[in-house]
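Novice: Reminder that position 42 of the sequence shown reads as 42 in UniProt numbering, one-by-one numbering, no gaps. Glycine is no exception: its CB is placed at the ideal position from the N, C-alpha and C atoms. One structure, pasted below without further comment.
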Amino acid sequence: MGCRATCRQVLVCVTLCCTLVFVNAEDPYRFFTWNVTYGDIYPLGVKQQGILINGQFPGPDIYSVTNNNLIINVYNSLPEPFLLSWNGVQQRRNSYEDGVYGTTCPIPPGKNFTYILQVKDQIGSFYYYPSLAFHKAAGGFGGIRILSRPLIPVPFPEPADDFTVLIGDWYKANHTALKAILDRGHKLPSPDGILVNGRGPNQTYFTFQPGKTYRLRISNVGLQHSLNFRIQGHKMKLVEVEGTHTLQTTYSSLDVHAGQSYSVLVTADQTARDYYIAVSTRFTTKILTTTAILHYSNSAKQVSGPIPGGPTIEIDWSLNQARSIRRVPCNSLLIPDIATGLAMTNLTASGPRPNPQGSYHYGMINLTRTIKLESSAAQVNGKQRYAVNSVSFVPADTPLKIADYFKIGGVFRVGSISDHPTGKKMYLDTSVMGADFRAFVEIVFQNHENIVQSWHINGYSFWVVGMDGGVWTPASRKQYNLRDAVSRSTTQVYPKSWTAIYIALDNVGMWNIRSEFWARQYLGQQFYLRVYSPVESPRDEYPIPKNALLCGRATGRRTRPL
Numbered sequence: 001m002g003c004r005a006t007c008r009q010v011l012v013c014v015t016l017c018c019t020l021v022f023v024n025a026e027d028p029y030r031f032f033t034w035n036v037t038y039g040d041i042y043p044l045g046v047k048q049q050g051i052l053i054n055g056q057f058p059g060p061d062i063y064s065v066t067n068n069n070l071i072i073n074v075y076n077s078l079p080e081p082f083l084l085s086w087n088g089v090q091q092r093r094n095s096y097e098d099g100v101y102g103t104t105c106p107i108p109p110g111k112n113f114t115y116i117l118q119v120k121d122q123i124g125s126f127y128y129y130p131s132l133a134f135h136k137a138a139g140g141f142g143g144i145r146i147l148s149r150p151l152i153p154v155p156f157p158e159p160a161d162d163f164t165v166l167i168g169d170w171y172k173a174n175h176t177a178l179k180a181i182l183d184r185g186h187k188l189p190s191p192d193g194i195l196v197n198g199r200g201p202n203q204t205y206f207t208f209q210p211g212k213t214y215r216l217r218i219s220n221v222g223l224q225h226s227l228n229f230r231i232q233g234h235k236m237k238l239v240e241v242e243g244t245h246t247l248q249t250t251y252s253s254l255d256v257h258a259g260q261s262y263s264v265l266v267t268a269d270q271t272a273r274d275y276y277i278a279v280s281t282r283f284t285t286k287i288l289t290t291t292a293i294l295h296y297s298n299s300a301k302q303v304s305g306p307i308p309g310g311p312t313i314e315i316d317w318s319l320n321q322a323r324s325i326r327r328v329p330c331n332s333l334l335i336p337d338i339a340t341g342l343a344m345t346n347l348t349a350s351g352p353r354p355n356p357q358g359s360y361h362y363g364m365i366n367l368t369r370t371i372k373l374e375s376s377a378a379q380v381n382g383k384q385r386y387a388v389n390s391v392s393f394v395p396a397d398t399p400l401k402i403a404d405y406f407k408i409g410g411v412f413r414v415g416s417i418s419d420h421p422t423g424k425k426m427y428l429d430t431s432v433m434g435a436d437f438r439a440f441v442e443i444v445f446q447n448h449e450n451i452v453q454s455w456h457i458n459g460y461s462f463w464v465v466g467m468d469g470g471v472w473t474p475a476s477r478k479q480y481n482l483r484d485a486v487s488r489s490t491t492q493v494y495p496k497s498w499t500a501i502y503i504a505l506d507n508v509g510m511w512n513i514r515s516e517f518w519a520r521q522y523l524g525q526q527f528y529l530r531v532y533s534p535v536e537s538p539r540d541e542y543p544i545p546k547n548a549l550l551c552g553r554a555t556g557r558r559t560r561p562l
């Protein structure tokens with residue numbers, strides 16, 4: 001009886017998996033219409049020109065359910081081109097909708113473009129942001145929450161409510177002034193403050209009912225600083241990281257590095273009053289701090305007492321916390337993957353799979369390639385630039401993915417960035433690295449600088465298998481976590497340290513790998529990974545959208561043959 005029951009369960013799980021993958025016609029559609037404008041904002045008490053979406057700063061949240069189709073019609077009412085990108089939302093087989101200049105033509109002033117996205121096999125907490133012209137320093141960002149399907153449980157009780165918490169460093173100067181500083185070849189000064197949901201100290205309130213538990217989806221949408229998040233008198237239970245359910249570890253404070261997203265559960269189990277929510281910069285000589293308010297619905301007492309202090313500047317505390325963040329173990333039924341014969345992630349946990357087209361245990365796969373990426377900062381032609389493996393990225397006159405589709409020569413060259421540090425003097429190029437579809441790759445981020453770095457890969461989640469101080473060597477693999485490493489799309493690299501990830505290249509397209517320090521990204525610390533399949537099949541990659549904007553050398557071409 002036990003064997004028959006197990007076989008029956010396997011059959012049900014395989015059938016469910018196939019249904020989720022192939023029955024796209026039944027997936028619901030959600031429609032959004034956004035108007036992007038400039039408007040006056042006062043986040044730090046000083047009038048600024050901010051980017052508003054439908055009059056809101058930050059922009060409206062996107063609510064969806066896994067596998068939903070999102071139709072987002074964006075009207076650009078700015079006087080310059082504009083693009084939105086989707087941090088952590090993996091566009092399966094469709095880098096044309098990624099919303100960065102290497103893949104997507106900008107929306108011209110006074111025009112509109114409709115993004116057609118499917119949040120395929122994903123749940124969790126993410127955000128969107130403007131990717132061009134240093135617009136991110138003016139706003140235009142907002143939260144994305146992708147919920148599990150109603151019949152698929154999550155590994156914690158349903159919270160009483162669910163809040164988006166967007167934190168980030170901020171400047172009083174307009175983004176145009178900041179961009180001009182960078183264009184002149186200078187570094188940016190230190191930020192002026194920290195915002196919570198677009199507001200300064202004690203301007204953002206979260207109301208809790210006594211005794212109930214709430215979910216906070218925390219995203220660091222700032223320009224460069226790692227931030228520490230904590231709540232006076234309360235503990236936080238971590239439950240999700242960028243789409244991966246985690247071991248439910250309790251923390252008194254949480255480091256959230258640039259570009260990262262976390263979900264925590266907080267229970268209103270203290271005396272009824274108001275409490276500080278504190279957010280402060282990490283690893284900075286001058287510590288910037290801001291506060292929001294956790295308000296009990298029956299509170300008769302305003303917030304009081306000292307603002308809760310954060311961790312010290314030492315790196316070890318943050319490194320140990322990062323290592324403690326682990327993936328939910330697969331304790332229940334494992335089902336075999338049809339393609340690999342290996343064990344699939346437990347579907348009953350409602351977690352997204354880092355390889356949605358056929359998951360496996362990452363620690364059992366042979367590596368096919370090791371890529372080592374080393375950042376650097378230097379002056380090129382008298383201007384400040386940043387690079388990866390000595391190459392400082394410069395945008396081409398045509399989006400790389402568009403040029404690739406139309407086979408337009410002279411826009412970029414595959415192999416214009418090396419797999420490993422070269423030791424060469426920094427130089428400018430439109431850097432594109434080639435990679436084979438379905439390769440299983442190790443990427444090592446090596447940081448020789450005295451700052452914490454943060455790196456993001458569009459279109460993918462990856463397993464963070466190791467991080468430590470010093471210089472990575474092949475012997476460093478002995479300390480890798482090959483059992484329950486967390487899967488995410490953004491990882492930090494500590495000063496004078498390395499971080500190693502495993503990634504399954506199962507998503508054909510042109511994908512941006514970049515620093516999440518936005519001035520560094522703007523000044524060249526990024527490149528594109530061209531994941532290529534010689535089989536031009538919609539099973540591997542969707543064709544260019546019919547509504548795709550065409551620009552540069554692709555202007556006037558047809559997106560479909562007659």
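According to DSSP, simplified to helix, strand and coil, what is Pro354?
Specialist: Within the sequence shown, the letter at position 354 stands for residue 354. Because the pLDDT of Pro354 is 44, which lies under 50, any placement of that residue in the model is unreliable, and the question is left without a value.
Novice: Does the Cβ of Ala180 have 16 or more other Cβ atoms within 10 Å, making it buried, or fewer, making it exposed?
Specialist: Taking the sequence shown and counting its residues from 1, one reaches residue 180 at position 180. Counting Cβ neighbours within 10 Å, Ala180 comes out exposed, since fewer than 16 surround it.
Novice: If distances are taken between C-alpha atoms only, which option among Val414, Gly423, Thr176 comes closest to residue 584?
Specialist: Examination of residue 584 is not possible in this model, given that the chain is present from 1 through 562 alone.
Novice: Where do the ends of the alpha helix (DSSP H) carrying Asn228 lie?
Specialist: Mapped onto the sequence shown, residue 228 falls at position 228. Per DSSP, Asn228 belongs to no alpha helix (DSSP H); it is in the beta strand (DSSP E), 227-231.
Novice: Taking three-plus beta-carbon pairs below 8 Å as touching, is the stretch 74-82 in contact with the stretch 239-254?
Specialist: No, they do not touch.
Novice: Can you tell me whether Trp511 is helix, strand or coil according to DSSP?
Specialist: Residue numbering aside, residue 511 sits at position 511 when the sequence shown is read from its first letter. Trp511 falls in the strand class under three-state DSSP.
Novice: Please list, in chain order, all residues of the same chain as Pro201 whose beta carbon is under 7 Å from its beta carbon, the five residues on each side excluded.
Specialist: Counted from its first residue, the sequence shown places residue 201 at position 201. Excluding residues within five positions, the ones whose Cβ falls inside 7 Å are Thr290, Thr291.
Novice: Which two residues bound the contiguous alpha helix (DSSP H) that contains Leu319?
Specialist: Along the sequence shown, read from residue 1 onward, the residue named residue 319 stands at position 319. That run of the alpha helix (DSSP H) goes 315-324.
Novice: Quick one: Cα of Ser332 to Cα of Ser95, how far?
Specialist: For the purposes of this step, residue 332 is taken as residue 332 along the sequence shown, with counting starting at 1. For the purposes of this step, residue 95 is taken as residue 95 along the sequence shown, with counting starting at 1. Confidence in Ser332 is poor, its pLDDT being 36 and thus under 50, which makes the residue's placement unreliable; the coordinate value appears in the next sentence. Those two C-alpha atoms are separated by around 35 Å.
Novice: Which residues in the same chain as Thr430 place their Cβ atom closer than 8 Å to its Cβ, once the five residues preceding and following it in sequence are excluded?
Specialist: Residue mapping note: residue 430 aligns to position 430 of the sequence shown, counting from 1. Excluding sequence neighbours, Thr430 sits near Phe393, Val394, Pro395, Ala396, Leu400, Val411, Phe412, Arg413, Ser416.
Novice: When DSSP builds the beta bridges, which residues end up paired with Phe208?
Specialist: Here residue 208 refers to the residue found at position 208 when the sequence shown is read from its first residue. Paired residue(s): Tyr296.
Novice: Using the C-alpha atoms, what's the distance from Lys235 back to Gly198?
Specialist: Taking the sequence shown and counting its residues from 1, the one referred to as residue 198 is at position 198. Taking the sequence shown and counting its residues from 1, the one referred to as residue 235 is at position 235. Each residue's Cα considered, the two are about 24 Å apart.
Novice: For Lys424, collect the residues of the same chain with a Cβ closer than 6 Å to its Cβ; drop the 5 residues on either side in sequence, then sort them by chain order.
Specialist: To locate residue 424, count along the sequence shown from 1; it is residue 424. Around Lys424: Ser390.
Novice: If we ignore side chains and look at the alpha-carbon of each, how far apart do Pro122 and Gly382 end up?
Specialist: Counting from 1 along the sequence shown, the entry for residue 122 is found at position 122. Counting from 1 along the sequence shown, the entry for residue 382 is found at position 382. Note on residue identity: the sequence assigns Gln, not Pro, to residue 122. The straight-line gap from Cα to Cα measures roughly 45 Å.
Novice: Is DSSP giving Phe141 helix, strand or coil here?
Specialist: Here residue 141 refers to the residue found at position 141 of the sequence shown. Here Phe141 sits in coil by DSSP.
Novice: What is the rounded straight-line gap between the Cα of Thr33 and the Cα of Gln321?
Specialist: As a position in the sequence shown, residue 33 is number 33, starting the count at 1. As a position in the sequence shown, residue 321 is number 321, starting the count at 1. Approximately 40 Å, taken between the alpha carbons.
Novice: For the beta strand (DSSP E) holding Asp98, just list the boundary residues, first then last.
Specialist: As a first step, residue 98 must be located in the sequence shown, where it is residue number 98. Element bounds for Asp98: n/a, residue is neither H nor E.
Novice: Tell me which same chain residues have a C-beta within less than 6 Å of the C-beta of Thr204, skipping the five on either side of it?
Specialist: As a working mapping, residue 204 is identified with position 204 in the sequence shown. Counting only Cβ-Cβ distances below 6 Å, and skipping sequence neighbours, we find Val196, Asn197, Ala292.
Novice: Whole angstroms are fine: how far does the CA of Tyr522 sit from the CA of Gly139?
Specialist: Residue numbering aside, residue 139 sits at position 139 when the sequence shown is read from its first letter. Residue numbering aside, residue 522 sits at position 522 when the sequence shown is read from its first letter. Approximately 16 Å, taken between the alpha carbons.
Novice: Reducing DSSP to helix, strand and coil, say where Trp518 ends up.
Specialist: Here residue 518 corresponds to residue number 518 of the sequence shown, with the count starting at 1. DSSP places Trp518 in helix when its eight states are reduced to three.
Novice: In chain order, what residues of the same chain lie with their CB nearer than 6 Å to the CB of Ser515, ignoring the 5 residues before and after it?
Specialist: One-based indexing of the sequence shown puts residue 515 at position 515. So the list reads Gln521, Gln525, once near-sequence residues are dropped.
Novice: Answer with buried or exposed for Leu347, where buried requires no fewer than 16 other C-beta atoms within 10 angstroms of its C-beta.
Specialist: In the sequence shown, counting from the first residue as 1, residue 347 sits at position 347. At Leu347 the pLDDT is 36, less than 50, meaning the model places this residue with poor confidence and gives no usable figure here.
Novice: Since Ile194 and Leu288 should fall inside the 8 Å C-beta cutoff, what is the C-beta to C-beta distance between them, to a whole number of angstroms?
Specialist: In the sequence shown, residue 194 corresponds to position 194, counting from 1. In the sequence shown, residue 288 corresponds to position 288, counting from 1. Indeed, because the Cβ distance is near 5 Å, the residues count as touching under 8 Å.
Novice: Please classify Asp316 as buried or exposed, where buried requires at least 16 neighbouring CB atoms within 10 angstroms.
Specialist: Numbered from its first residue, the sequence shown carries residue 316 at position 316. Exposed, since its Cβ has fewer than 16 Cβ neighbours within 10 Å.
Novice: Note down the Cα distance separating Gly88 from Phe113, rounded to an integer number of angstroms.
Specialist: Position 88 of the sequence shown holds residue 88. Position 113 of the sequence shown holds residue 113. Their backbone Cα atoms lie some 21 Å apart in a straight line.
Novice: Quick one: give me the first and last residue of the alpha helix (DSSP H) that Lys179 is part of.
Specialist: Here residue 179 refers to the residue found at position 179 when the sequence shown is read from its first residue. Per DSSP, Lys179 belongs to the alpha helix (DSSP H) from 175-183.
Novice: Out of Ile544, Val239, Ile277, point me to the one whose CA is closest to Pro306's CA.
Specialist: Walking along the sequence shown from the start, residue 306 turns up at place 306. Considering only alpha carbons, the answer is Ile277.
Novice: Per DSSP, what are the beta-bridge partners of His245 in this structure?
Specialist: Position 245 of the sequence shown, counted from the first residue, corresponds to residue 245. For His245, which the question treats as bridged, DSSP gives the partners Glu240.
Novice: Can you tell me where the beta strand (DSSP E) holding Leu400 begins and where it ends?
Specialist: As a first step, residue 400 is located in the sequence shown; it is residue number 400 there, counting from the start. Note, Leu400: premise wrong, no beta strand (DSSP E); alpha helix (DSSP H) at 400-406.
Novice: Please state whether the Cβ-Cβ distance between Val508 and Val535 is less than 7 Å.
Specialist: The sequence position of residue 508 within the sequence shown is 508, counting from 1. The sequence position of residue 535 within the sequence shown is 535, counting from 1. Against a cut-off of 7 Å, the Cβ pair of Val535 and Val508 comes out as no contact.
Novice: If you draw a straight line from the alpha carbon of Pro352 to that of Gln379, how long is it in whole angstroms?
Specialist: By 1-based counting over the sequence shown, the position of residue 352 is 352. By 1-based counting over the sequence shown, the position of residue 379 is 379. Any reading at Pro352 must be qualified, since the residue scores a pLDDT of 46, below 50, and its modelled position is unreliable; the value itself is stated next. About 42 Å.
Novice: Say whether the stretch 358-377 touches the stretch 54-74, bearing in mind that this needs 3 or more beta-carbon pairs closer than 8 Å, one atom from each stretch.
Specialist: Verdict: no, contact absent.
Novice: Ser533 to Met433, Cα distance in whole Å?
Specialist: Locating residue 533 in the sequence shown gives position 533, where the first residue counts as 1. Locating residue 433 in the sequence shown gives position 433, where the first residue counts as 1. Answer to the nearest angstrom: the Cα atoms are 14 Å apart.
Novice: Taking 7 Å as the threshold (C-beta atoms), are Pro210 and Tyr296 in contact?
Specialist: Sequence index remark: in the sequence shown, residue 296 carries index 296 (1-based). Sequence index remark: in the sequence shown, residue 210 carries index 210 (1-based). Against a cut-off of 7 Å, the Cβ pair of Pro210 and Tyr296 comes out as a contact.
Novice: Can you give me the C-alpha to C-alpha distance between Gln90 and Gln302, rounded to a whole angstrom?
Specialist: Taking the sequence shown and counting its residues from 1, the one referred to as residue 90 is at position 90. Taking the sequence shown and counting its residues from 1, the one referred to as residue 302 is at position 302. Rounded to the nearest angstrom, the two C-alpha atoms are 42 Å apart.
Novice: Look up Ser261 in the DSSP assignment and give the residues it is bridged to.
Specialist: Position 261 of the sequence shown, counted from the first residue, corresponds to residue 261. Paired residue(s): Ser219.
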